[in-house]
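One structure below.
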Amino acid sequence: MPQQLKRYLPILEWAKTYDRQILGADLMAAVIVTIMLIPQSLAYALLAGLPPEVGLYASILPLVAYAIFGTSRVLAVGPVAVVSLMTAAALGNLALQGTTEYLLAAITLAFMSGVMLTLMGLLRLGFLANFLSHPVIAGFITASGILIATSQLKHILGVTAHGHTLPELLGSLVAHLPETNLYTLALGAAALAFLFWTRKGLKPLLLNLGVGPRLADVLTKAGPVAAVAATTLSVYAFDLAGKGVAIVGTVPTGLPPLSTPSFSPDLWSQLFLAALLISIIGFVESVSVAQTLAAKRRQRIDPDQELIGLGTSNIASAISGGYPVTGGFARSVVNFDAGAQTPAAGAFTAIGIAGAALFLTPLLFFLPKATLAATIIVAVLSLVDLSILRHAWGYSRVDFAAVATTITLTLGLGVEVGVSAGVILSIALHLYKTSRPHVAEVGLVPGTQHFRNILRHKVKTAPHLVTLRIDESLYFANARFLEDYVYNRVVCDQPITDVVLMASAVNEIDMSALESLEAINSRLKELNIRLHFSEVKGPVMDRLNRSHFLDDLSGEVFLAQYDAWSRLAGDNTQQAA
């Protein structure tokens, strides 16, 4: 089998060792994830503003596509809270008429996201995820969790409320608070209390009663299913729908219909930014989970192939009537803990969801929307981590500003503005930090060949020799900073004859930085000061050799800083305080 084909079809790799033992582990994991995914998929479709069956459709073919093209053994792909919220925000701005047009836009959004992700994977652009800093992502997910939970309170209260920002949602909820349906509130509050208790208290109770750990785990994961069953029976038995309790109603029975996205240029232009942001956020969330879980088993994932896996999953979702999907944190952890060994567990989960779509949907007619809202609230509150603000404040004021700004903008202006600001902030922070690189003047540690910062250690220096250690690659954003730093240092009363730039931490010198180095060399030459380099890395040296810079250099390039010191320091040395 050609190696290139194996790269694009990871299933060819793990399928070779598939046996009955792995099959059993994958089937058990699939049962547990299916139980968890059925109510979640219905709930997340509701969050995205779509009919509940769309959540089931988005949980069938995408899982099969990921099993073929994905590299993570345990990642569980499907509808997730943050992407559902972003989908609702994107489609809510289009002023579409009716459910049909709204659904077509959601399908188109999934298709666009899939195409973008697949192209990024084929072009090996997985590194782009690095431009989103962890503080910004943490701030965005925390703010999204707050927005999602707040947006679902209308279903718990049984009122109509609208808005995509926290002020809009709270204002609308307060305005409609007198319209609260007490039956809906009772059902929603009971479901919330039960689901919160299930997460923390059910498994210990079952273990104390003598239930085996595996069965206790399955029953705990089935908590949302029990809530769905109990509240649905309550609505049916007491005719609560006739008393104002909103229910799901008729859910079509059958497998997902084949669907075609819209290719309207107007719609594509309107959805382009949203599709790009959903692709980036979905990939970052998914690859973070996949890498964390893979490391626990000493496995590895390929970020570029993950882009293709997620891209094909979204295309599969689009052609089967679904909406954007990605790897879910909670489901993937459950899949991991349940013992999934290969992506085949996802394919078996898809079979379970397909069975639910074929046989269980008539039972969902009396399912109250308040129960689905409670499922969402309990799931997303685990994403809210306001402690990131405290940690960022204590560690870095710059990172704190990034987190606080992302949270504030997401809550105040919506998810698209928040995540766009997050991307811009991440890049801006990188440019800001690297535009003012740390430059340390170093001296020789007595009795060694090591050089350390003269402000932190007692080291030897020479009055006529200045050694500056540059702790950052040199590029257009920081080239002028280095010029100014060197000039300011050599303008002093000391008779400086030599300057050594210690480049052990320099991995790159671009054209702008090269021009700055040429300017430094020329300026120092006018002052009768020689410019030297030490510990230049091989790739950097290769590029310098392709220019005329080394021919014009007034000094030398030393292999080690100690060589430069031995040649240039002489006997006139002193101890720095």
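Residue numbering for the sequence shown follows my numbering, starting at 1242 and increasing by one per position. Glycine is no exception: its CB is placed at the ideal position from the N, C-alpha and C atoms.
Neighbourhood of residue i by C-beta, 8 Å cutoff - its chain only, sequence neighbours within 5 removed
{"i": "D1458", "result": "I1273, K1444, D1578 and A1579"}
{"i": "E1759", "result": "F1790 and D1793"}
{"i": "L1456", "result": "L1447"}
{"i": "F1722", "result": "S1676, R1677 and P1678"}
{"i": "A1598", "result": "E1294, L1297, Y1298, I1301, T1494, G1495, L1496 and P1497"}
Distance between residue j and residue i (C-alpha atoms, nearest Å)
{"i": "L1624", "j": "I1382", "result": "7 Å"}
{"i": "M1327", "j": "S1795", "result": "58 Å"}
{"i": "G1552", "j": "L1534", "result": "21 Å"}
{"i": "S1475", "j": "I1488", "result": "12 Å"}
{"i": "S1757", "j": "L1670", "result": "23 Å"}
{"i": "A1581", "j": "R1572", "result": "12 Å"}
{"i": "T1708", "j": "H1375", "result": "35 Å"}
{"i": "S1554", "j": "A1643", "result": "32 Å"}
{"i": "G1386", "j": "V1777", "result": "47 Å"}
{"i": "A1681", "j": "D1712", "result": "8 Å"}
{"i": "T1461", "j": "R1440", "result": "7 Å"}
{"i": "A1595", "j": "A1468", "result": "21 Å"}
{"i": "H1405", "j": "I1648", "result": "14 Å"}
{"i": "A1744", "j": "T1651", "result": "41 Å"}
{"i": "E1420", "j": "T1401", "result": "9 Å"}
{"i": "T1349", "j": "P1544", "result": "25 Å"}
{"i": "G1429", "j": "L1388", "result": "18 Å"}
{"i": "L1410", "j": "G1485", "result": "22 Å"}
{"i": "V1574", "j": "A1536", "result": "13 Å"}
{"i": "V1781", "j": "V1747", "result": "8 Å"}
{"i": "I1252", "j": "I1549", "result": "13 Å"}
{"i": "D1480", "j": "L1364", "result": "57 Å"}
{"i": "V1528", "j": "I1556", "result": "18 Å"}
{"i": "R1784", "j": "V1727", "result": "23 Å"}
{"i": "H1773", "j": "W1634", "result": "40 Å"}
{"i": "L1499", "j": "L1344", "result": "13 Å"}
Neighbourhood of residue i by C-beta distance below 6 Å, restricted to the same chain and skipping five residues each side
{"i": "E1749", "result": "S1714"}
{"i": "P1558", "result": "Looking at the sequence provided, one finds Ser at residue 1558 rather than Pro. Closer than 6 Å at the Cβ level, and outside the excluded window around S1558, lie A1299, P1303, A1351 and V1566."}
{"i": "T1473", "result": "F1607 and L1608"}
{"i": "V1318", "result": "P1303, L1304, Y1307, S1554, V1566 and G1568"}
{"i": "A1754", "result": "L1715, Y1716 and A1720"}
{"i": "L1706", "result": "D1739, L1809 and A1810"}
Residue burial classification, residue i (beta-carbon count within 10 angstroms, cutoff 16)
{"i": "P1454", "result": "exposed"}
{"i": "H1403", "result": "exposed"}
{"i": "L1423", "result": "exposed"}
{"i": "S1510", "result": "exposed"}
{"i": "Q1802", "result": "buried"}
{"i": "W1438", "result": "exposed"}
{"i": "Y1636", "result": "exposed"}
{"i": "A1361", "result": "The displayed chain sequence assigns Met, not Ala, to residue 1361. By the 10 Å Cβ count, M1361 comes out buried."}
{"i": "R1322", "result": "Arg is not the amino acid found at residue 1322; the sequence shown has Ala there. So A1322 counts as buried."}
{"i": "E1526", "result": "buried"}
{"i": "F1504", "result": "exposed"}
{"i": "N1449", "result": "exposed"}
{"i": "H1679", "result": "exposed"}
{"i": "V1415", "result": "exposed"}
{"i": "S1775", "result": "buried"}
{"i": "S1807", "result": "exposed"}
{"i": "F1600", "result": "exposed"}
{"i": "N1576", "result": "buried"}
{"i": "K1257", "result": "exposed"}
{"i": "R1710", "result": "buried"}
{"i": "L1627", "result": "exposed"}
{"i": "F1368", "result": "exposed"}
{"i": "T1275", "result": "buried"}
Close-in-space but distant-in-sequence residues of the same chain around residue i (CB under 7 Å, 5 per side omitted)
{"i": "A1329", "result": "L1288, A1289 and G1290"}
{"i": "D1267", "result": "A1581, Q1582, T1583, A1585, A1586 and F1589"}
{"i": "A1390", "result": "I1618, V1621 and L1622"}
{"i": "S1325", "result": "Y1285, L1288 and A1289"}
Presumed contact (8 Å Cβ cut-off) between residue i and residue j, rounded CB distance
{"i": "R1248", "j": "Q1546", "result": "7 Å"}
{"i": "V1220", "j": "G1569", "result": "The chain is shown from 1242 up to 1818; residue 1220 falls before or after that span and cannot be answered."}
{"i": "I1629", "j": "A1270", "result": "About 31 Å separates the two Cβ atoms, so there is no contact after all."}
{"i": "P1497", "j": "M1277", "result": "Going by Cβ atoms, the distance from P1497 to M1277 rounds to 20 Å, so no, they are not a contact pair."}
{"i": "T1425", "j": "T1494", "result": "With 8 Å as the limit, T1425 and T1494 do not qualify as a contact, their Cβ atoms being about 26 Å apart."}
{"i": "G1653", "j": "L1407", "result": "7 Å"}
{"i": "L1366", "j": "F1310", "result": "Not confirmed; about 16 Å, so no contact."}
Chain B within 9 Å of residue i, Cβ atoms only
{"i": "Y1298", "result": "Given the protein chain composition of this structure (a single chain), no chain B is represented."}
Notebook entry, point to check: Any chance the stretch 1325-1338 sits against the stretch 1532-1544, with 3 or more Cβ pairs inside 8 Å?
Noted result: no
Check: Is there contact here, the stretch 1352-1360 with the stretch 1508-1524, by at least three beta-carbon pairs under 8 Å?
Finding: yes
Notebook entry, point to check: How do the stretch 1653-1667 and the stretch 1686-1693 stand: do at least 3 beta-carbon pairs fall below 8 Å, yes or no?
Noted result: no
Check: Is the stretch 1735-1749 in contact with the stretch 1768-1777, if contact means three or more CB pairs nearer than 8 Å?
Finding: yes
Margin query: Within 8 Å, do at least three Cβ pairs link the stretch 1610-1618 to the stretch 1429-1436?
Written below: yes
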